[in-house]
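Trainee: In this text, residue positions in the sequence shown follow the numbering used here: the first is 6, and each later residue adds one.
Even for Gly, the Cβ is constructed at its ideal location relative to N, Cα and C.
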Amino acid sequence: MSIKPLITTLLLGLSITLLGNAGAATSPHKNTKASKAAAHKKKTSKKKTPAVDYEGEFVNFGDWQEVSSYLDEVAARNHWERSELNQLMAQVRFVDSAVQLIKPAPPGKPKNWQAYRQLFIEPVRINAGLKFWNDNRDALERAEAQYGVPAEVIVGIIGVETVYGRNTGRFRVLDALTTLAFAYPETPTRTERMAFFRRELEATLQYARKNKLDPLSLRGSFAGAIGMPQFMPSNVMKYAVDFDGDGQIDLLNSPADAIGSVAAFLVAHGWQRELNGAMVYPATVSPNLAWERMLNQGLVASYAWNELKAAGVSTAEIPAENTKYGLVDLQNGAEPTEYWLANGNFFAVTQYNRSYFYAMSVLELGRAIKQLR
Ligand SMILES: [Ca+2]
6 MSIKPLITTL LLGLSITLLG NAGAATSPHK NTKASKAAAH KKKTSKKKTP AVDYEGEFVN
66 FGDWQEVSSY LDEVAARNHW ERSELNQLMA QVRFVDSAVQ LIKPAPPGKP KNWQAYRQLF
126 IEPVRINAGL KFWNDNRDAL ERAEAQYGVP AEVIVGIIGV ETVYGRNTGR FRVLDALTTL
186 AFAYPETPTR TERMAFFRRE LEATLQYARK NKLDPLSLRG SFAGAIGMPQ FMPSNVMKYA
246 VDFDGDGQID LLNSPADAIG SVAAFLVAHG WQRELNGAMV YPATVSPNLA WERMLNQGLV
306 ASYAWNELKA AGVSTAEIPA ENTKYGLVDL QNGAEPTEYW LANGNFFAVT QYNRSYFYAM
366 SVLELGRAIK QLR
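1) With three or more C-beta pairs closer than 8 angstroms as the rule, is the segment 123-142 touching the segment 208-220?
2) Give a yes or no on whether the C-beta atoms belonging to Phe351 and Gly371 are separated by under 9 angstroms.
3) Locate the alpha helix (DSSP H) running through Val354, then write down its first and last residues.
4) Just to confirm before moving on: does the CB-CB distance between Ala364 and Glu322 stay below 9 angstroms?
5) Suppose you measure from the CA of Thr320 to the CA of Asn311; what does that come to, to the nearest Å?
6) In angstroms with no decimal places, state the Cα-to-Cα distance between Val64 and Arg98.
7) Give, in chain order, every unbroken run of the alpha helix (DSSP H) that is at least 4 residues long and sits entirely within the segment 61-94.
8) Quick check on DSSP: helix, strand or coil for Ala288?
9) Using alpha carbons as the reference points, say which of Thr192, Tyr212, Leu256 lies closest to Gly4.
10) State the Cα-Cα distance for the pair Asp58 and Ser226, rounded to the nearest angstrom.
11) Whole angstroms is fine: what's the gap from Val100's alpha carbon to Ala56's?
12) Could you give the distance in angstroms between the alpha-carbon of Ala268 and the alpha-carbon of Val246?
13) Under three-state DSSP, which class holds Leu346?
14) Considering only DSSP beta bridges, list what Asp334 is partnered with.
15) Can you tell me whether DSSP reads Arg122 as helix, strand or coil?
16) Suppose you measure from the CA of Ser222 to the CA of Ser74; what does that come to, to the nearest Å?
17) Roughly how many angstroms separate the alpha carbons of Ile159 and Ile264, rounded to a whole number?
18) Starting from Thr173, follow the beta strand (DSSP E) in both directions and report where the run begins and ends.
19) Near Ala295, what residues of its chain come up, given a Cβ to Cβ distance below 7 angstroms and the 5 sequence neighbours on each side ignored?
20) So, at 6 angstroms on beta carbons, what are the nonlocal neighbours of Arg278 in its own chain, with the 5 sequence-adjacent residues on each side left out?
21) Got a sec? Which residues, its chain only, sit under 6 angstroms from Asn83 by beta carbon, not counting five neighbours each side?
22) Hey, could you find the ends of the beta strand (DSSP E) Thr320 is sitting in?
23) Are there 16 or more other CB atoms within 10 angstroms of the CB of Lys52, so buried, or fewer, so exposed?
24) Taking just the CA atoms, how far does Val178 sit from Ala230?
25) What does a CB cutoff of less than 6 angstroms around Arg198 pick up in its chain, not counting 5 residues either side in sequence?
26) Using three-state DSSP, classify Ala130 as helix, strand or coil.
27) Buried or exposed for Ser360, going by 16 or more other Cβ atoms inside 10 Å?
28) What span of residues does the alpha helix (DSSP H) with Tyr212 cover, start to end?
29) Measuring straight from C-alpha to C-alpha, what distance separates Trp118 and Ser291?
30) For a test of your reading of the model: does the CB of Gln251 fall under 8 angstroms from any non-hydrogen atom of ligand 1? Yes or no.
31) Using C-beta distances below 6 angstroms, list every residue in its chain close to Val333, excluding the 5 sequence neighbours before and after it, in chain order.
32) So, for Glu149: in the same chain, excluding its five sequence neighbours on each side, which residues have a beta-carbon less than 7 angstroms away from its beta-carbon?
33) I need the straight-line Cα distance from Ala339 to Pro115, nearest angstrom please.
34) So what's Trp276 in DSSP terms, helix, strand or just coil?
35) Please tell me whether, using a cut-off of 8 angstroms, the distance from the CB of Phe270 to the nearest non-hydrogen atom of ligand 1 is below it.
36) For Leu182 versus Phe202, is the C-beta distance shorter than 9 angstroms?
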């Protein structure tokens with residue numbers, strides 16, 4: 006490999022880290038925009054210095070009135086010593102790059118599925134996925150048996166999230182979450198977002214205590230997402246499982262824990278092992294536009310095949326009839342939009358990251374890797 010593609014790969018890897026979703030909990034739109042902003046920044050900054058500052062600066066968070074009241078509540082709620090929280094907070098730093106990355110990007114190019122998919126369905130990720138699948142075949146088989154989620158979907162998710170653990174994020178989770186919980190940028194949703202990150206900060210402390218980890222040792226994305234599957238801390242608490250049976254949940258170092266946790270998350274978000282047939286079917290739509298009302302009806306499959314057909318949707322292959330579907334549109338910039346029928350399991354994947362592009366790239370990556378096995 007010559008130097009140039011290597012640099013491209015590294016830069017791509019970085020932008021993917023930033024894109025790496027914040028579990029199911031944060032808006033993918035925000036993260037996507039943030040990654041675009043980061044990518045844009047990278048182009049304009051000098052290559053020698055890292056575009057992202059992961060280290061931050063000390064700003065006496067513990068002395069901030071809002072932080073202090075919050076710590077009072079957290080200590081009381083969890084029956085923790087307030088002095089321990091003080092000691093911890095005295096080591097937490099403000100990371101401005103997290104604030105910059107969470108900001109919505111300025112309006113950019115129109116959405117383009119084909120451009121997006123090229124970021125993920127590419128040889129480096131596919132080969133890493135093949136190795137991951139081979140190395141973790143037993144855990145993947147066990148997850149499929151226990152949860153009914155096929156290996157290719159789990160492999161697709163972990164690949165899109167972090168290239169199989171290569172890009173799990175370099176921020177200290179406590180720094181990123183405290184910063185976003187108390188110094189969130191001025192946006193229309195600032196109050197809700199700060200409340201969200203305060204809950205995540207508390208969940209991080211709970212997770213660390215439960216698993217006997219130093220909370221300051223936890224690393225993650227700029228939004229605090231942790232490990233190979235990029236779970237937000239509250240999702241770690243709710244859905245992650247110890248799938249290698251060592252008594253600890255470790256989503257960073259245990260591929261088995263990551264695999265089991267992804268499957269458990271999907272089942273908790275509507276994955277059904279009984280669904281047969283494909284998760285998605287390519288579709289065409291009639292010029293009468295009666296199908297338009299079926300677009301963007303939430304992340305659920307709510308239409309019977311007959312209803313879709315009556316509204317002017319057709320597919321080459323007849324979809325399995327025992328379940329419902331949603332109509333998914335994938336915009337391609339100036340090129341024609343693609344339409345797909347998607348079943349409930351596709352929408353379970355969108356609960357991981359609330360984006361059609363995301364779920365479709367998971368499916369395609371998993372399929373591309375499966376074909377090589
Ligand atoms: Ca474990």
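Mentor: Based on what the coordinates show:
1) The segment 208-220 is not in contact with the segment 123-142.
2) Translated into positions along the sequence shown, residue 351 becomes position 346. Translated into positions along the sequence shown, residue 371 becomes position 366. Between Phe351 and Gly371, the C-beta spacing is not below 9 angstroms.
3) Position 349 of the sequence shown, counted from the first residue, corresponds to residue 354. Its alpha helix (DSSP H) spans residues 349-355.
4) Within the sequence shown, the letter at position 359 stands for residue 364. Within the sequence shown, the letter at position 317 stands for residue 322. With respect to Glu322, Ala364 sits apart: the two C-beta atoms are not nearer than 9 angstroms.
5) As a working note, residue 320 is residue 315 in the sequence shown. As a working note, residue 311 is residue 306 in the sequence shown. Our two residues, Thr320 and Asn311, have alpha carbons roughly 12 angstroms apart in a direct line.
6) Translated into the one-based positions of the sequence shown, residue 64 becomes position 59. Translated into the one-based positions of the sequence shown, residue 98 becomes position 93. The C-alpha of Arg98 is placed about 7 angstroms away from the C-alpha of Val64.
7) DSSP runs (the alpha helix (DSSP H)) wholly in the segment 61-94: 70-83, 87-94.
8) Locating residue 288 in the sequence shown gives position 283, where the first residue counts as 1. If DSSP states are grouped into helix, strand and coil, Ala288 belongs with the strands.
9) Here the chain covers residues 6 to 378 and nothing more, so residue 4 does not appear.
10) Sequence index remark: in the sequence shown, residue 58 carries index 53 (1-based). Sequence index remark: in the sequence shown, residue 226 carries index 221 (1-based). Distance between the alpha carbons of Asp58 and Ser226 is about 12 angstroms.
11) If you number the sequence shown from 1, residue 100 lands on position 95. If you number the sequence shown from 1, residue 56 lands on position 51. Distance from the CA atom of Val100 to the CA atom of Ala56, rounded to whole angstroms, is 13 angstroms.
12) Position 263 of the sequence shown, counting from 1, holds the residue named residue 268. Position 241 of the sequence shown, counting from 1, holds the residue named residue 246. Between Ala268 and Val246, the C-alpha separation is close to 9 angstroms.
13) Translated into positions along the sequence shown, residue 346 becomes position 341. Looking at Leu346 - three-state DSSP - the assignment turns out to be strand.
14) Within the sequence shown, residue 334 is the residue found at index 329, counting from 1. Asp334 is bridged to Tyr344.
15) Here the question's residue 122 lines up with position 117 in the sequence shown. Note: Arg122 maps to helix in three-state DSSP.
16) Mapped onto the sequence shown, residue 222 falls at position 217. Mapped onto the sequence shown, residue 74 falls at position 69. Rounded to the nearest angstrom, the gap between the Cα atoms of Ser222 and Ser74 is 25 angstroms.
17) Here residue 159 refers to the residue found at position 154 when the sequence shown is read from its first residue. Here residue 264 refers to the residue found at position 259 when the sequence shown is read from its first residue. Taking the straight line from one Cα to the other gives about 6 angstroms.
18) For the purposes of this step, residue 173 is taken as the residue at position 168 of the sequence shown. From DSSP, Thr173 is part of no beta strand (DSSP E); its letter is neither H nor E.
19) The sequence position of residue 295 within the sequence shown is 290, counting from 1. Counting only residues of its own chain and dropping the five nearest sequence neighbours on each side, Ala295 has a CB closer than 7 angstroms to the CB of Ala316, Gly317.
20) Along the sequence shown, read from residue 1 onward, the residue named residue 278 stands at position 273. Here the set comprises Gly153.
21) Along the sequence shown, one-based indexing puts residue 83 at 78. Around Asn83: no qualifying Cβ.
22) By 1-based counting over the sequence shown, the position of residue 320 is 315. 318-320 is the extent of the beta strand (DSSP E) around Thr320.
23) As a working mapping, residue 52 is identified with position 47 in the sequence shown. Caution is warranted here: a pLDDT of 47 is assigned to Lys52, below 50, making its placement in the model unreliable, and no coordinate value can be reported.
24) Position 225 of the sequence shown holds residue 230. Position 173 of the sequence shown holds residue 178. So the alpha carbons of these two residues sit roughly 8 angstroms apart.
25) Taking the first residue of the sequence shown as position 1, residue 198 is located at position 193. Here the set comprises Tyr189.
26) Mapped onto the sequence shown, residue 130 falls at position 125. Sequence inspection shows Arg at residue 130; the Ala mentioned does not correspond to that position. In the structure shown, Arg130 adopts helical secondary structure according to DSSP, grouped into three states.
27) For the purposes of this step, residue 360 is taken as residue 355 along the sequence shown, with counting starting at 1. Buried, because 16 or more other Cβ atoms sit within 10 Å of the Cβ of Ser360.
28) Residue mapping note: residue 212 aligns to position 207 of the sequence shown, counting from 1. Secondary structure note for Tyr212: its alpha helix (DSSP H) is the uninterrupted segment 195-215.
29) What you label residue 118 is simply residue 113 of the sequence shown in a count that begins at 1. What you label residue 291 is simply residue 286 of the sequence shown in a count that begins at 1. One Cα belongs to Trp118, the other to Ser291, and the distance between them is close to 21 angstroms.
30) Walking along the sequence shown from the start, residue 251 turns up at place 246. The sequence shown places Asp at residue 251, rather than the Gln named in the question. Correct: Asp251 has its Cβ closer than 8 angstroms to ligand 1.
31) As a working mapping, residue 333 is identified with position 328 in the sequence shown. Cβ neighbours of Val333 within its own chain (closer than 6 angstroms, five residues either side excluded): Trp345, Ala347, Tyr361.
32) The residue you call residue 149 lines up with position 144 of the sequence shown. Sequence-distant partners of Glu149 (beyond 5 residues in either direction) whose C-beta falls short of 7 angstroms from its own C-beta, in its chain, are Pro155, Ala156.
33) Position 334 of the sequence shown, counted from the start, is the residue given in the question as residue 339. Position 110 of the sequence shown, counted from the start, is the residue given in the question as residue 115. So the alpha carbons of these two residues sit roughly 8 angstroms apart.
34) Taking the first residue of the sequence shown as 1, we reach residue 276 at position 271. In this structure, Trp276 counts as coil in the three-state DSSP scheme.
35) Taking the first residue of the sequence shown as position 1, residue 270 is located at position 265. No.
36) Position 177 of the sequence shown, counted from the first residue, corresponds to residue 182. Position 197 of the sequence shown, counted from the first residue, corresponds to residue 202. Contact flag set, yes.
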